[in-house]
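Q: The listed protein sequences derive, respectively, from chains A and B.
Under this note's numbering, the first sequence has 28 at position 28, and the numbering climbs by one with no breaks.
Under this note's numbering, the second sequence has 1099 at position 99, and the numbering climbs by one with no breaks.
By construction, the Cβ of each residue, glycine as well, lies at the ideal position given by its N, Cα and C atoms.
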Amino acid sequence: MKTNLFYRRVAVIGAGLTLFKRRIVETPREMSWVAARKALDEAGLELKDIDCVVIGSAPDAFDGVHMKGEYLAHGSGGVRKMVSRVFVGGATGVMVPISAWYHVASGLCQSVLAVAEEKMSPARPHPQSVFRYIWDPITEKPLNPNLIWIFAMEMHRYMYVNKVKKEDIALVSVKNKRNAINNPYAQAPANITVDDVLKSEVLVWPVNLLDVSPVSDGAAAMVITSEDIARRYTDTPVWIEGVGWTLDNTEWTGRELAYPRYLEHAARMAYKMAGIERPNKELDVIEPYDPFDYKELHHIEGLMVAKRGEAVKMLKEGVFDMDGDIPSSPSGGLLGVGNPIAAAGLMKAISIYWQLKGTAGKMQVKKPVHTGLAQAWGDLMQASTVVVMRN
Amino acid sequence: MEVHYLKEEELSRVYTVKYKPNAKYAYTAGQAYSRFLLGLKEKKIIGRKCNKCNRVYVPPRMYCDDCFRPTDEWVEVKDEGIVETAVASFISWTRERIEKPEIVGVIRLFPSTDRDWVFPGLFHRICVEYEDVKDMVVLGKKVRALWKEDRVGSINDIECFRVVE
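Given below as structure tokens:
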């Protein structure tokens, strides 16, 4: 990676979330407005103080409205402003703060409102059917694939190569749903056991119902500003110190699925910017993307927080618990909070922001935290986005 | 303003818009896939090779992603390979429950070795029992394509991949 590392410092000074729920009454625009208003209130800014708006939303098909960026613009405060929509599938949520970051870091904008929204539940009979159109129309779609298939294939490969047992992977679901009990925005908080996961409905072996995050609606927003503005409005800004993103090819049938190389590239870029050399020692709290429980472990390895195949061992030792050395998904993650795709990724970044600001309430991890990381992932084992923050 | 969610009784009154969009697509297979599909008709699995990095693309590509140059030659790979991963699906693509699970996976086709990080690979059905998937015995097994009698030049010309050893 060769990048120009001369840029302005960028801070986060406000954030807002809606409830994550299935079948929310509010429209996508209304949800965006709720989250955006909350973020402005936390920052102490008004819409007139915002220079540009970044909107993140995954495929149009979920909300049932095409041109979703344009559709969401006025709920997101984007009318007659510089507005852009970013979209890299499931990785969108963290691409939103990254995009806001480069708006500010470049000097183009002083303050950006970054909004992510997804309404998964309108699709009938099930949002699964909408995913059909992400597959190759010639070589894959004729086999009538379901989205869960590919992730089940990746999970099984991960289990096979690293000799990981299903009951160990289920511990991620147990941990994250338990963490979500502390999160007032969460859709699926629960005190469950490994047995509950193993006995839940088998969807696509080796994936059971409780291995998967639920279908959700929700929105999230962040106010991201230059250092000058941040100093004027808050004594406790949280700095975005490293960003990274990569897109791999769609040839997922022709590569080793046990390890997420797309993520390693993105993580290396973010670590280089943030000056992190030993992620397993220097990161205090992480929010790896967890739409499936194995995915959190897979990503912890891709982030190089654990060596290949060793994330499970660290999980069992309690390293990733709320009171562990590197608490992972203290928000409850997608498994616990819910998965309105783009909003879920931004929720992860917001979770880290609140942890570093010290305002995470009951979600606050036990140890003092100074460096945190949020990550998202999407498409056909393809895209990854990473953001490193410090207080 | 705080958001709330629809209650069960409200859902019974939900208004659903139903229509069939008049949106039909005629996809082009392109140069590479066209040759690939014609190959399937003759029980052949055809790929493209990049002579710079030696990568074999199956399904084929006219360009090499990494070298960003044209791939050089057509190659025929074996209709045999190793099961990289396999799963058993109990749900349809619309998320309805199905009783007999459908078994699919990724096959790393020969010539390739288990040390390759990129390889010619196909996503397809594998004809084994659910127990073979559940116990992971099918992973790493050698399989061969079971061709259909009537072939039309489609990925479905292969019925599935069968274990051969």
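Check whether the Cβ atoms of Pro1060/B and Arg1048/B sit closer than 8 Å, and answer yes or no.
A: Yes. Within cutoff.
Q: Does the beta carbon of Leu1146/B come closer than 8 Å to any beta carbon on chain A?
A: So no, Leu1146/B is outside the interface.
Q: Counting Cβ pairs closer than 8 Å, one from the stretch 224 to 241 of chain A and one from the stretch 352 to 361 of chain A, do we hit at least three?
A: Contact holds: three or more Cβ-Cβ distances are below 8 Å.
Q: From which residue to which residue does the beta strand (DSSP E) around Thr92/A run?
A: Here Thr92/A belongs to no beta strand (DSSP E); instead the alpha helix (DSSP H) covers 92 to 105.
Q: Start and end of the beta strand (DSSP E) containing Glu1102/B?
A: Here the beta strand (DSSP E) through Glu1102/B covers 1097 to 1109.
Q: At a Cβ threshold of 8 Å, is Glu140/A touching chain B?
A: Chain B, which has a Cβ nearer than 8 Å to the Cβ of Glu140/A, makes this yes.
Q: Under the rule that 16 or more other beta-carbon atoms within 10 Å means buried, what is Ile1098/B, buried or exposed?
A: Exposed: under 16 other Cβ atoms inside 10 Å.
Q: Taking the alpha-carbon positions, what's the Cys1127/B to Leu209/A distance?
A: If you take the alpha carbons of Cys1127/B and Leu209/A, they lie about 25 Å apart.
Q: Quick one: residues in its chain with C-beta nearer than 6 Å to the C-beta of Ala383/A, no 5 flanking neighbours on either side, listed in chain order?
A: Excluding sequence neighbours, Ala383/A sits near Val88, Gly89, Ala91, Leu247.
Q: Buried or exposed for Glu117/A, going by 16 or more other Cβ atoms inside 10 Å?
A: Buried: at least 16 other Cβ atoms inside 10 Å.
Q: In the stretch 1117 to 1132 of chain B, which residues sit with their C-beta less than 9 Å from some C-beta in chain E, listed in chain order?
A: Within the model displayed, chain E is absent; protein chains A and B are what it includes.
Q: Between the stretch 369 to 387 of chain A and the stretch 277 to 294 of chain A, do at least 3 Cβ pairs fall closer than 8 Å?
A: Enough Cβ pairs lie closer than 8 Å, so yes.
Q: With a threshold of 8 Å between beta carbons, is Ser1154/B in contact with chain A?
A: So, interface residue.
Q: What are the residues that DSSP puts in a beta bridge with Pro1070/B?
A: According to DSSP, which records beta bridges pairwise, Pro1070/B is partnered with Tyr1063/B.
Q: Distance check for Met120/A and Val25/A, CA to CA, integer angstroms please.
A: For Val25/A and Met120/A, the distance between alpha carbons rounds to 13 Å.
Q: On the three-state DSSP scale, how would you describe Gly372/A?
A: Of the three classes helix, strand and coil, the one that applies to Gly372/A here is strand, per DSSP.
Q: What are the boundary residues of the alpha helix (DSSP H) that Ile341/A is part of?
A: Segment 341 to 357, the alpha helix (DSSP H) holding Ile341/A.
Q: Measuring only between beta-carbons, confirm whether Met1062/B sits less than 8 Å from chain A.
A: False, the Cβ-Cβ gap to chain A never drops below 8 Å.
Q: Of all the options Ile13/A, Tyr7/A, Phe6/A, Arg8/A, which has the alpha carbon lying nearest to the alpha carbon of Asn391/A?
A: Considering only alpha carbons, the answer is Ile13/A.
Q: Just checking my contact of Tyr158/A with His299/A at CB under 8 Å: how many whole Å lie between their CB atoms?
A: Contact doesn't hold; Cβ gap of about 11 Å is too wide.
Q: What residue from Ala306/A, Gly338/A, Val223/A, Pro59/A has the CA that sits closest to Glu46/A's CA?
A: Per the Cα distances, Val223/A.
Q: Against Ser1092/B, what residues of chain A qualify as contacts under a CB-to-CB distance less than 8 Å, listed in chain order?
A: Neighbours of Ser1092/B on chain A, chain order: Asn144, Asn146.
Q: Could you give the DSSP three-state label for Ser32/A: helix, strand or coil?
A: The answer is helix: DSSP assigns Ser32/A an H, G or I state.
Q: Output needed for Val104/A: all residues of its chain with C-beta closer than 8 Å, excluding positions within five of it in sequence on either side, in chain order.
A: Excluding residues within five positions, the ones whose Cβ falls inside 8 Å are Arg8, Val10, Gln110, Ser111, Val112, Ile224, Thr225, Ser226.
Q: What does Arg1095/B reach in chain A if we use C-beta pairs closer than 9 Å?
A: Here the neighbours are Pro125, His126, Pro127, Gln128, Ser129, Asn146, Ile148, Leu203.
Q: Can you list the residues of chain A that Lys1134/B reaches, using a CB-CB cut of under 7 Å?
A: Correct list: Trp205.
Q: Establish whether the CB of Met188/A and some CB of chain B are separated by less than 8 Å.
A: The amino acid at residue 188/A is misidentified as Met; the sequence shows Ala. It does not; no Cβ of chain B falls within 8 Å.
Q: Consider the Cβ of Ala170/A: report whether some Cβ of chain B lies at a distance smaller than 8 Å.
A: It does not; no Cβ of chain B falls within 8 Å.
Q: Counting contacts by CB-CB distance shorter than 8 Å, is Tyr1015/B in contact with chain A?
A: No, Tyr1015/B does not count as interfacial toward chain A.
Q: Closest Cβ-Cβ distance between Arg1162/B and chain A: below 8 Å?
A: Answer no: the Cβ-Cβ gap between Arg1162/B and chain A never drops below 8 Å.
Q: Could you tell me whether the Cβ of Asn208/A comes closer than 8 Å to any Cβ of chain B?
A: No, Asn208/A lies away from the interface with chain B (no Cβ there is under 8 Å from its Cβ).
Q: Would you call Thr1028/B buried or exposed, if buried means 16 or more other Cβ atoms sit within 10 Å of its Cβ?
A: Label assigned to Thr1028/B: exposed.
Q: Using a cut-off of 8 Å between C-beta atoms, extract the partners of Tyr1033/B located in chain A.
A: What Tyr1033/B touches in chain A: Ile138, Thr139.
Q: Which one of Val172/A, Gly64/A, Met269/A has the shortest CA to CA distance from Met322/A?
A: Ranking the options by Cα distance to Met322/A, first place goes to Val172/A.
Q: Quick one: what does DSSP say Asp217/A is sitting in, helix, strand or coil?
A: Correct three-state label for Asp217/A: strand.
Q: Any idea if Phe6/A is buried or exposed, counting beta-carbon neighbours within 10 angstroms, 16 or more meaning buried?
A: The residue in question, Phe6/A, is exposed, as its Cβ has fewer than 16 Cβ neighbours within 10 Å.
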